[in-house]
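For reference, the structure is listed below as structure tokens.
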RNA sequence: GGGCGUGUAGCUCAAUGGCAGAGCAGUGGCCUUUUAAGCCAUUGGUUAGAGGUUCGAGUCCUCUCACGCUCACCA
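In this note's numbering, the protein residues as written are 244 to 788.
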């Protein structure tokens, strides 16, 4: 780790600046540079020795040029095709394949290895009488699991029936100095794969995701599914006529959600900037600008606690459509997620944490008031202020934090009693006005707004409104939020004057929705923590190792 | 931030307060169709870190670090 840090600072050697007093003289490039890293155990020492041994054999362990005529899978397919066509002996098929050695078996004067590339695995069959003694000696002495190689030869089947390359020529493409965890597998008679010695330490898998990906095909599959999920979202929204846009991540005023921001600073402008906590206010400006429908997929940053469903940076999808309302967004959202499931898993019926979840539209729609009344018997509209509602909650044996506003108490009821029960996809409609500053009121009901949250698998997946487009009402809401949360609360929504100016030019009636993409991926891949679906989840810096 | 738990070889894991071990990987040897190859021999440890109790600590106690679960926080 220290070695890596110093490698980084090497870039500064090229800057022309005086050396610190008494500092070491700059070293000549050459031997010294390669000596920066030192092996941390005997396994690495062995590999470093082999690297030097390759050099002594006049073999470049990291050559510039590579040849590949077939991926591992293409080579095997080509051979199978030739076998099917042939009546007796199939036509010889010459291939050059590349990959990482994932299994090797030196058996006297014969050497078997499985190489793996991005497509799959393929066995190499090396005979001393085919490759010659010097290459065979190189293999025997200097090759390790984890090394990348290039092999040329002819496709064949071994006696055991496995499709292999009978190798004429084998060269090193990249020497691996640190050993990857060794995982052996056995295919059982029923076709399932049994793994031995899996790399399973959760912390190490996250900290060294490259190693996790290199040895665990299941991990690679998760991130392929993630890519397919995001691709399917784009495909769906593009086909619906939405325009994909990109809005600022560095914002002078943050807003659009109740969350604490990360603060950064622009040196030349002498200006503090915030990393965005949502895209909402910028995307709605674009509806003022006469796009009928826009969406953005990108990163949000919230300076808050981490949990199995929270990471400080996470991927969000927000989409806004003019000339519709939250009912339109419900229709669109359930169709979109069903489409994603179909694309990613092949079905709108998925399995998550032991539950079977049917994402086929239409989904259950129930008002927040009815949902809470069903679970707790409490009709919060009968307790229209914080004091009486808290009392009712306490009578029902529920936690009611004393400093909470009425709206926050309702939100608590939702989170504690309703959310965990919503395994099947469910829209919860109509939220208290004072926790929803960007939504239009329900006609004839000043205390509620047209907002829904969508829950699947006991998790909130999304949040949507009939968007408020009355600039004067919006201004009042900003002021109201500021007063509710006050200066001592970090979550106070700052007044965005430019956003109000945009709205005063006229904003069409519209619906908008935000979807937590990471949580959607959790659902698609049946993972119970957000860290499993983030390539490099945020972890605390390590001080002691 | 609180509570509970975990941390032993490169990886996966054992070890009643009493010599720190196994499998895989590695090294040396045998083996020209292996596939969790096999057989023989063998290297590898600051038991996360610091301190304490004890004749003796991987094991018990205190503190620190990291991770996991959970509560709090959290659109």
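All C-beta atoms, glycine included, are put in the ideal place defined by N, C-alpha and C.
Just so it is clear, the structure is predicted and the values come from calculations on it, not from any experiment.
Should residue 270 be labelled buried (16 or more other beta-carbon atoms within 10 Å of its own) or exposed? Because residue 270 sits at a pLDDT of 39, beneath the cut-off of 50, its placement in the model cannot be relied upon, and the following sentence gives the value as read from the coordinates. In summary, residue 270 is exposed, with fewer than 16 beta-carbon neighbours lying within 10 Å of its beta-carbon over all protein chains present.
Could you give the uninterrupted runs of the beta strand (DSSP E) lying entirely in the segment 399-465, keeping only those of 3 residues or more? Here the runs fully enclosed are 406-417, 427-430, 436-439.
Expected contact under 8 Å - CB spacing of residue 418 and residue 305 to nearest Å: That belief holds up - the Cβ atoms of residue 418 and residue 305 are roughly 7 Å apart, short of 8 Å.
Between the alpha carbons of residue 610 and residue 692, how many angstroms are there, rounded? C-alpha separation (whole angstroms): 11 Å.
First and last residue of the uninterrupted alpha helix (DSSP H) at residue 370: For residue 370, no alpha helix (DSSP H) encloses it; the enclosing beta strand (DSSP E) starts and ends at 364-370.
Quick check on residue 685: does DSSP put it in helix, strand or coil? In the displayed model, residue 685 falls within a strand according to three-state DSSP.
By the 10 Å Cβ neighbour count, where 16 or more other Cβ atoms means buried, how is residue 261 classified, buried or exposed? Residue placement at residue 261 is poorly supported in this model, since its pLDDT is 35, which falls under 50; the coordinates still yield a value, given next. Under this definition residue 261 is an exposed residue.
For my contact list, residue 338 and residue 312 are in at a C-beta cut-off of 8 Å; report their separation, rounded to the angstrom. That belief holds up - the Cβ atoms of residue 338 and residue 312 are roughly 5 Å apart, short of 8 Å.
Residue 696 Cβ short of 6 Å to the ligand ZN heavy atom set: This structure does not include the ligand ZN; it has no bound ligands of any sort.
Could you check the C-alpha separation between residue 274 and residue 280 for me, to the nearest Å? Reliability fails at residue 274, whose pLDDT of 43 lies under 50, so the model's placement of it is uncertain and the value that follows must be treated cautiously. Near 12 Å, if we compare the C-alpha coordinates of residue 280 and residue 274.
Give the single residue among 521, 678, 673, 284 whose Cα lies nearest to the Cα of residue 686. Relative to residue 686, the option among 521, 678, 673, 284 whose CA is nearest is 673.
Alpha carbon of residue 504 to alpha carbon of residue 737, nearest angstrom: Rounded to whole angstroms, residue 504 to residue 737 spans 12 Å at the Cα level.
Excluding five sequence neighbours on each side, which residues of the same chain lie with their C-beta closer than 6 Å to the C-beta of residue 696? These residues qualify, in order along the chain: 671, 703, 706.
Thinking C-alpha only, which one of 386, 471, 445 is nearest residue 459? Among 386, 471, 445, the Cα nearest to that of residue 459 belongs to 445.
Apart from the five residues on each side of it in sequence, which residues of its chain come closer than 7 Å, Cβ to Cβ, to residue 520? Annotation for residue 520: 497, 499, 500, 502, 504, 543, 544, 545 place their beta carbon closer than 7 Å to its own, counting only its chain and skipping 5 residues before and after.
Quick one: measure Cβ to Cβ for residue 601 and residue 591, integer angstroms, because I've assumed they're closer than 8 Å. Yes, residue 601 and residue 591 are in contact; Cβ-Cβ is about 7 Å, under 8 Å.
Measuring alpha carbon to alpha carbon, tell me which of 656, 650, 627, 493 ends up nearest residue 637. Ranked by Cα distance from residue 637, the options 656, 650, 627, 493 are led by 656.
Got a sec, what are the start and stop residues for the beta strand (DSSP E) residue 589 sits in? DSSP places residue 589 in no beta strand (DSSP E); its state is neither H nor E.
Give the straight-line distance between the Cα atoms of residue 476 and residue 413, rounded to the nearest whole angstrom. Answer to the nearest angstrom: the Cα atoms are 44 Å apart.
Through-space distance from residue 349 to residue 439, alpha-carbon basis: Answer to the nearest angstrom: the Cα atoms are 20 Å apart.
Nonlocal neighbours in the same chain, by C-beta distance under 6 Å from residue 764, ignoring five residues either side: Closer than 6 Å at Cβ, skipping near neighbours: 469, 472, 776.
Close-in-space but distant-in-sequence residues of the same chain around residue 486 (CB under 6 Å, 5 per side omitted): Contacts found: 534, 537.
If you follow the beta strand (DSSP E) that residue 341 is part of, which residue opens it and which one closes it? Its beta strand (DSSP E) spans residues 337-350.
Count the CB pairs spanning the segment 394-411 and the segment 361-381 that are closer than 8 Å, and state whether there are at least three. Inter-segment contact for the segment 394-411 and the segment 361-381 is present: three or more beta-carbon pairs are separated by less than 8 Å.
Helix, strand or coil for residue 661 per DSSP? Three-state DSSP puts residue 661 in a helix.
Name the DSSP beta bridge partners of residue 702, please? Paired residues: 699.
With a threshold of 16 other CB atoms inside 10 Å of the CB of residue 512, please say whether the residue is buried or exposed. By the 10 Å Cβ count, residue 512 comes out exposed.
Beta-ladder partner(s) of residue 754, from DSSP: According to DSSP, residue 754 bridges with 564, 709.
Cβ pair residue 359, residue 345 closer than 7 Å: In this structure, residue 345 lies closer than 7 Å to residue 359 by Cβ.
Relative to the C-alpha of residue 760, which residue among 474, 510, 742 is closest? Nearest of 474, 510, 742 to residue 760, Cα basis: 474.
Would the beta-carbon of residue 633 fall within 7 Å of that of residue 643? In this structure, residue 633 sits near residue 643, with a CB-CB distance shorter than 7 Å.
Short check: CB of residue 790 to CB of residue 621, under 7 Å? For the chain, the structure presents residues 244 to 788; residue 790 sits outside this window and is missing.
Proximal residues to residue 585 (C-beta, below 7 Å), its chain only, five neighbours per side dropped: Cβ within range, chain order: 591.
Since residue 708 contacts residue 569 with CB under 8 Å, what's their CB separation in whole angstroms? Indeed, because the Cβ distance is near 6 Å, the residues count as touching under 8 Å.
Going by beta-carbon coordinates alone, are residue 524 and residue 742 separated by less than 7 Å? Taking a C-beta distance under 7 Å as the contact criterion, residue 524 and residue 742 qualify as a contact pair.
Three-pair Cβ contact test at 8 Å for the segment 449-466 versus the segment 778-785: The segment 449-466, when compared against the segment 778-785, does touch it at the 8 Å Cβ threshold.
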